[in-house]
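Residues in the sequence shown are numbered consecutively from 4, following my numbering.
The beta-carbon is built from N, C-alpha and C at its ideal position, and this holds for glycine as well.
Note that the coordinates shown come from a computational prediction; the quantities given were computed from them, not determined experimentally.
Everything below concerns the one structure shown next.
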Amino acid sequence: MVMKPIAVYIVDLDSMHQYDAEFETIGPMYFGNEYKANKHYIMTLVGNLLVHYVFHKQYPHRPLPEYSFNENGKPFFEQYPDFQFNISDSKLRVVAAFDTEDVGADVEYLRTHRMELMQRFFSNAERHYVENQENDELRGRAFTMLWSMKEALVKCLGTGIAKDFTNYSVDVENELVSPADSGLMVSGTVVDDDCFVTLCRRGEKPAFDFRKVTMEEILDTLKLDKQ
4 MVMKPIAVYI VDLDSMHQYD AEFETIGPMY FGNEYKANKH YIMTLVGNLL
54 VHYVFHKQYP HRPLPEYSFN ENGKPFFEQY PDFQFNISDS KLRVVAAFDT
104 EDVGADVEYL RTHRMELMQR FFSNAERHYV ENQENDELRG RAFTMLWSMK
154 EALVKCLGTG IAKDFTNYSV DVENELVSPA DSGLMVSGTV VDDDCFVTLC
204 RRGEKPAFDF RKVTMEEILD TLKLDKQ
């Protein structure tokens, strides 16, 4: 069966502050006077710009819409129900996934496995999967992929760690979600050997259609730095 691909856009920054001059102008457009040139705001801003870049590509003659948010803070465009997206960032990499239905995306760089997090958030089967790996490196990779898949899952649901992280169990090797009647499907892949990107959607296992884009392309398309 051919899986329907999901467009996953990737932005890599060379440094945290390489676009400070542009962001000093653009940041207040998104965050008002709250904007600060720190990692949280910069990476969030890049994610927002990436979403608007893709929206502009899809609807070049329509004004950029404002975000609406569900009760858990997940952003969406109320007037465009078939333009669904999800954003994630790690280190200096931002990814955003786009689909016509609810989608969850996550990016994680390789972590060491953490027993306290596994005890709190993982099912018995998930913990056994990590613990049964042959060495610490493999346990770290298993933990990272599993954590990322669960992040994508709760982001697809629009809830979060506090609500649904423990209500679902993921079989990493077979990319299956329990309980099966949830209809949730997950996929994960490795990028650059130490970076994991995962997707979640309902009904059909997601396939990746990676598309790299630069900040120069985003700024030139949106021309927000020239306003």
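(message) Does Ile9 pass the burial test, meaning 16 or more other C-beta atoms within 10 Å, or should it be called exposed?
(response) Start at 1 with the first residue of the sequence shown, and residue 9 comes out as number 6. Burial call: buried.
(request) Check the C-beta distance from His55 over to Leu225 and give it rounded, since I have them as a contact under 8 angstroms. (result) Position 52 of the sequence shown, counting from 1, holds the residue named residue 55. Position 222 of the sequence shown, counting from 1, holds the residue named residue 225. Confirmed, Cβ separation roughly 6 angstroms.
(request) Whole angstroms is fine: what's the gap from Trp102's alpha carbon to Val11's? (result) For the purposes of this step, residue 102 is taken as the residue at position 99 of the sequence shown. For the purposes of this step, residue 11 is taken as the residue at position 8 of the sequence shown. As written in the sequence, residue 102 is Asp, which differs from the Trp given in the question. Between Asp102 and Val11, the C-alpha separation is close to 9 angstroms.
(request) Compute the Euclidean distance between the alpha carbons of Glu27 and Leu120, then round it to the nearest angstrom. (result) As a first step, residue 27 must be located in the sequence shown, where it is residue number 24. As a first step, residue 120 must be located in the sequence shown, where it is residue number 117. Rounded to whole angstroms, Glu27 to Leu120 spans 37 angstroms at the Cα level.
(request) Assign Gln87 to one of three DSSP states: helix, strand, or coil. (result) Counting from one through the sequence shown, the residue named residue 87 turns up at place 84. Strand at Gln87.
(message) Which of the three DSSP states is assigned to Leu231 in this structure?
(response) Because the chain in this structure spans residues 4 to 230, residue 231 falls outside the shown range and cannot be described.
(request) Within 10 angstroms of the Cβ of Pro63, are there 16 or more other Cβ atoms? Answer buried if so, exposed if not. (result) Locating residue 63 in the sequence shown gives position 60, where the first residue counts as 1. With fewer than 16 Cβ atoms within 10 Å of its Cβ, Pro63 is classed as exposed.
(message) Measuring straight from C-alpha to C-alpha, what distance separates Asp228 and Glu25?
(response) Sequence index remark: in the sequence shown, residue 228 carries index 225 (1-based). Sequence index remark: in the sequence shown, residue 25 carries index 22 (1-based). At Asp228, the pLDDT of 48 sits below 50, so the modelled position is not reliable; the number obtained from the coordinates is stated separately. Spanning the two alpha carbons is a distance of roughly 5 angstroms.
(message) Going by beta-carbon coordinates alone, are Gly191 and Glu104 separated by less than 9 angstroms?
(response) Residue 191 sits at position 188 when you count from the first residue of the sequence shown. Residue 104 sits at position 101 when you count from the first residue of the sequence shown. No, Cβ-Cβ distance for Gly191 and Glu104 is not below 9 angstroms.
(request) Go through the stretch 63-138 residue by residue and report every complete run of the alpha helix (DSSP H) that reaches 4 residues or more, in order. (result) 118-124 and 127-134
(request) Assign Val216 to one of three DSSP states: helix, strand, or coil. (result) As a position in the sequence shown, residue 216 is number 213, starting the count at 1. Of the three classes helix, strand and coil, the one that applies to Val216 here is coil, per DSSP.
(message) So, with DSSP's three-state summary, where would you put Asp174?
(response) By 1-based counting over the sequence shown, the position of residue 174 is 171. Strand, per DSSP.
(request) Assuming Met318 and Val175 form a contact by the criterion Cβ under 8 angstroms, report the distance between their Cβ atoms to the nearest whole angstrom. (result) In the structure displayed, the chain extends from 4 to 230; residue 318 sits before or after that span and is not available.
(message) Rounding to the nearest angstrom, what Cα-Cα distance links Asp15 and Val49 in this structure?
(response) Stepping through the sequence shown from its first residue, residue 15 is reached at position 12. Stepping through the sequence shown from its first residue, residue 49 is reached at position 46. Distance between the alpha carbons of Asp15 and Val49 is about 10 angstroms.
(message) Just to confirm the assignment, what range does the alpha helix (DSSP H) spanning Asp23 have?
(response) Here residue 23 refers to the residue found at position 20 when the sequence shown is read from its first residue. Start and end: Asp23 to Phe34.
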